[in-house]
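All remarks here apply to the structure that follows.
There are 2 protein chains.
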Amino acid sequence: MKKYNVAIVGATGMVGEALTQVLEERNFPINNLKMLASARSANTVMEFGGKEYRIEEAEPGAFEGVDFAFFSAGGDVSKELAPEAVKRGTIVVDNSSAFRMEPEIPLVVPEVNPQDVEGHKGLISNPNCSTIQLVVALQPLHQLSPMKRVVVSTYQSVSGAGKEAVDELLDQSQAIIDGKEFEKNMIPHKGAKRNHQIAFNMVPQLDVFQDNGYTKEEMKIIKETQKIMGLPQLKITSTTVRVPVTLGHSESVNIEFQGEVTPQEARKALENFPGIIVIDDPDELLYPMPVDCAHKDEVFVGRIRRDESVDYGLNIWVVSDNIRKGAATNSIQIAECIIEKGLC
Amino acid sequence: MKKYNVAIVGATGMVGEALTQVLEERNFPINNLKMLASARSANTVMEFGGKEYRIEEAEPGAFEGVDFAFFSAGGDVSKELAPEAVKRGTIVVDNSSAFRMEPEIPLVVPEVNPQDVEGHKGLISNPNCSTIQLVVALQPLHQLSPMKRVVVSTYQSVSGAGKEAVDELLDQSQAIIDGKEFEKNMIPHKGAKRNHQIAFNMVPQLDVFQDNGYTKEEMKIIKETQKIMGLPQLKITSTTVRVPVTLGHSESVNIEFQGEVTPQEARKALENFPGIIVIDDPDELLYPMPVDCAHKDEVFVGRIRRDESVDYGLNIWVVSDNIRKGAATNSIQIAECIIEKGLC
Chain A
84 MKKYNVAIVG ATGMVGEALT QVLEERNFPI NNLKMLASAR SANTVMEFGG KEYRIEEAEP
144 GAFEGVDFAF FSAGGDVSKE LAPEAVKRGT IVVDNSSAFR MEPEIPLVVP EVNPQDVEGH
204 KGLISNPNCS TIQLVVALQP LHQLSPMKRV VVSTYQSVSG AGKEAVDELL DQSQAIIDGK
264 EFEKNMIPHK GAKRNHQIAF NMVPQLDVFQ DNGYTKEEMK IIKETQKIMG LPQLKITSTT
324 VRVPVTLGHS ESVNIEFQGE VTPQEARKAL ENFPGIIVID DPDELLYPMP VDCAHKDEVF
384 VGRIRRDESV DYGLNIWVVS DNIRKGAATN SIQIAECIIE KGLC
Chain B
84 MKKYNVAIVG ATGMVGEALT QVLEERNFPI NNLKMLASAR SANTVMEFGG KEYRIEEAEP
144 GAFEGVDFAF FSAGGDVSKE LAPEAVKRGT IVVDNSSAFR MEPEIPLVVP EVNPQDVEGH
204 KGLISNPNCS TIQLVVALQP LHQLSPMKRV VVSTYQSVSG AGKEAVDELL DQSQAIIDGK
264 EFEKNMIPHK GAKRNHQIAF NMVPQLDVFQ DNGYTKEEMK IIKETQKIMG LPQLKITSTT
324 VRVPVTLGHS ESVNIEFQGE VTPQEARKAL ENFPGIIVID DPDELLYPMP VDCAHKDEVF
384 VGRIRRDESV DYGLNIWVVS DNIRKGAATN SIQIAECIIE KGLC
């Protein structure tokens, strides 16, 4: 079996760390693994899975001889270096939003649109975390009856804002318990005009606001879902909220269909779909919760029930680890998909 | 000005405490204030607003001479004692769900359906916390154009499950920060077949499950909204979620209208409606959040924007203190409304 030279760009971040773990867990066929990060982190040594790696500076020359590069260092790094990597024959799976909406760039969730990797030009975009778990849950339902409209409200963990945001949640929680002052620097995002408390609070803003009153995160859910599912006209709206959870995003999803979809049919279709685990047992008070879904690769679906406010509707509750399936795992599945299809 | 003999039933709970505070803040015309609770708490002394009150046992005779009784001691106590109080000429404002859906019992949010107190038979029900803030926000919008359909997802604080649940959230948070074991007794509710972690987690269950897969909390939002707004056919669906916030419920509300309602028109109508404060300034990263709305009596609305997935739709974000406007304040406003209308 062929083995590949792999690079991780943004190795020191949460997604970088998860990429390393998931590559190992899935026995990705690695010849050489290269850890790239900013010049600031270069030459530091990190341990992953019992092995030590010296971080190298992410610069164009670093991609010579690299077969697959997983980018997760923000849009600016991707815009600068992904084209350089592609120029050197590297297949880039980019976790930033830099190229996602470019028509010629595939935006792929392997359970949903694996065919879209075909004809790739060296760069495949990995969707936004909140989009990935949504489309995985929607796809088997849409196959039962075409969707007419989707309304999503999210409950997104602070890990989506990085390690420092997780630390800030814990620090603020401790300070509030102790009745002490605390710092607010990470939510809604680092360097924001105004930062908000996240511990014991809800912040209805992720990413920056657009002119239409939606946040960029909300527009990502809308636009990326349409692109991945191949439904550019899909009627979908979203509200995204940052919540005081360390890991795992939750979504309350309301779906209107063109025809009848019973909760029983939905449950069966979801159970039979790859990458989904259904937890839906009201008698036992069982449903997906972030603490149970953290560190797992699947999308978890529960609270499946008929929406009586439309002719054919369902409400569902969708939870997934935003760092794993929402980023690292999906990126690696894209690379696996390319290998399987002989497209590298 | 006439003064009234007032009793609080469930004086030792969070709502009981808030009732005492709000009665004082609003200068409710009190002659005598009687604190009633279970036999277990009787004869203990509690201090409210610098005054000491001896708790008396809530039993039928305690209502002799009482003009207004605010009940907040659970459905069983209301079922047993509210009729006894009414029999003795007391006007009962009941915060439990015991009588809310009985057709002849008014279910009132004074900003929305003050007229429904007319013809009361001695007992007026106070709606569920998550319903109250919802209908206050919906009413001015429905006046602009009749609503076709509402989809609600909630983010509800643990104070709705009582003092012990607030303590449990803080205890669990501390234990998780310290890497220690912790107890789970209060969520989804005390005595549940299975209890869940609430710290750094999301629990998509409030109250018990019904046969249709909805929780009782979700059905309360649906049925109570229809009753209060006088729209028994209103198409509305809901998903309710317990979140690790101590005080203040948030709601992501999607509304489809029969005709055009611009965000500007909506904002103006909300700003002009009694009991609503609009916080909606994306440029300044300002929107309602539970930590800012706690200990206040208003309903706060923000994130007002067009829903492009329907012809005429809006998304809004609604936050309110569930113990104040969601329970104590609204109960007292009902009594004030009865006094104003000369119905006592």
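For the protein sequence lines, the chains are A and B, in the order given.
If you read the first sequence in this note's numbering, its first letter stands for residue 84, the second for the next number, and so on.
If you read the second sequence in this note's numbering, its first letter stands for residue 84, the second for the next number, and so on.
All residues carry an ideal CB built from backbone N, CA and C; glycine is no exception.
Note that the structure is a prediction, hence the values are computed from the model and not measured.
Mind listing the chain B neighbours of residue i? Cutoff is C-beta to C-beta under 9 angstroms, in chain order.
i	result
residue 224 of chain A	What residue 224 of chain A touches in chain B: nothing, since even the nearest Cβ is about 16 angstroms away.
residue 296 of chain A	346, 363, 365, 386, 387, 388, 389, 398
Within 8 angstroms of any Cβ in chain B, is that where the Cβ of residue i sits?
i	result
residue 256 of chain A	yes
residue 290 of chain A	no
residue 232 of chain A	yes
Starting from residue i, find everything on chain A with Cβ-Cβ shorter than 9 angstroms and list it in chain order.
i	result
residue 306 of chain B	Simply none; closest approach about 11 angstroms.
Please list the partners that residue i has in chain E, where partner means a Cβ-to-Cβ separation under 8 angstroms.
i	result
residue 253 of chain A	Chain labels in this structure do not include chain E; the protein chains are A and B.
With a threshold of 8 angstroms between beta-carbons, can residue i be considered close to chain A, or not?
i	result
residue 351 of chain B	no
residue 319 of chain B	yes
residue 324 of chain B	yes
Following a CB-centred definition, is residue i positioned closer than 7 angstroms to any heavy atom of the ligand MG?
i	result
residue 135 of chain A	Among the components modelled here there is no ligand, and therefore nothing to report on the ligand MG.
Since residue i and residue j are thought to touch, with beta carbons under 8 angstroms apart, how far apart are those beta carbons, to the nearest angstrom?
i	j	result
residue 356 of chain B	residue 327 of chain A	Contact flag wrong, Cβ pair sits at about 31 angstroms.
residue 112 of chain B	residue 85 of chain B	7 angstroms
residue 205 of chain B	residue 156 of chain B	That pair is no contact at about 18 angstroms.
residue 332 of chain A	residue 212 of chain A	6 angstroms
residue 149 of chain A	residue 168 of chain A	7 angstroms
residue 232 of chain A	residue 339 of chain A	4 angstroms
residue 324 of chain B	residue 414 of chain A	The Cβ separation is near 29 angstroms, so there is no contact.
residue 321 of chain A	residue 318 of chain B	That pair is no contact at about 20 angstroms.
residue 256 of chain B	residue 256 of chain A	5 angstroms
residue 173 of chain B	residue 154 of chain B	Contact flag wrong, Cβ pair sits at about 10 angstroms.
Anything in chain B within Cβ reach of residue i, meaning under 7 angstroms, just list it in chain order.
i	result
residue 368 of chain A	271, 275, 276, 277, 288
residue 390 of chain A	320
Given that residue i touches chain A, what residues does it touch there, using C-beta distances under 7 angstroms?
i	result
residue 327 of chain B	283, 327
residue 333 of chain B	285
residue 236 of chain B	236, 335
residue 372 of chain B	279, 284, 285, 286
Going by DSSP in three states, residue i sits in which element: helix, strand or coil?
i	result
residue 220 of chain B	helix
residue 117 of chain B	strand
residue 332 of chain B	strand
residue 237 of chain B	strand
residue 84 of chain A	coil
residue 252 of chain A	helix
residue 159 of chain B	helix
residue 348 of chain B	helix
residue 146 of chain B	helix
residue 285 of chain B	coil
residue 398 of chain B	strand
residue 407 of chain A	helix
residue 322 of chain B	strand
residue 232 of chain A	strand
residue 413 of chain A	helix
residue 183 of chain B	coil
residue 294 of chain B	coil
residue 312 of chain B	coil
residue 385 of chain A	strand
residue 123 of chain B	helix
(message) If contact is defined by three or more beta carbon pairs under 8 angstroms, each pair taking one atom from either stretch, is the region 274-282 of chain B in contact with the region 232-243 of chain A?
(response) no
(message) Is it the case that the region 174-184 of chain A contacts the region 390-400 of chain A, given that we only count it when at least three CB pairs across the two stretches are under 8 angstroms?
(response) no
(request) Spell out a yes or no on whether the region 342-355 of chain A and the region 405-425 of chain A are touching, meaning 3 or more CB-CB pairs, one atom from each, closer than 8 angstroms. (result) no
(message) With a threshold of 8 angstroms, are at least 3 pairs of Cβ atoms found where one atom belongs to the region 358-370 of chain B and the other to the region 383-392 of chain B?
(response) yes
(message) Three or more C-beta pairs under 8 angstroms: does that hold for the region 238-250 of chain A against the region 217-227 of chain A?
(response) no
(message) Three Cβ pairs or more, each shorter than 8 angstroms: is that satisfied between the region 294-313 of chain B and the region 267-276 of chain A?
(response) no
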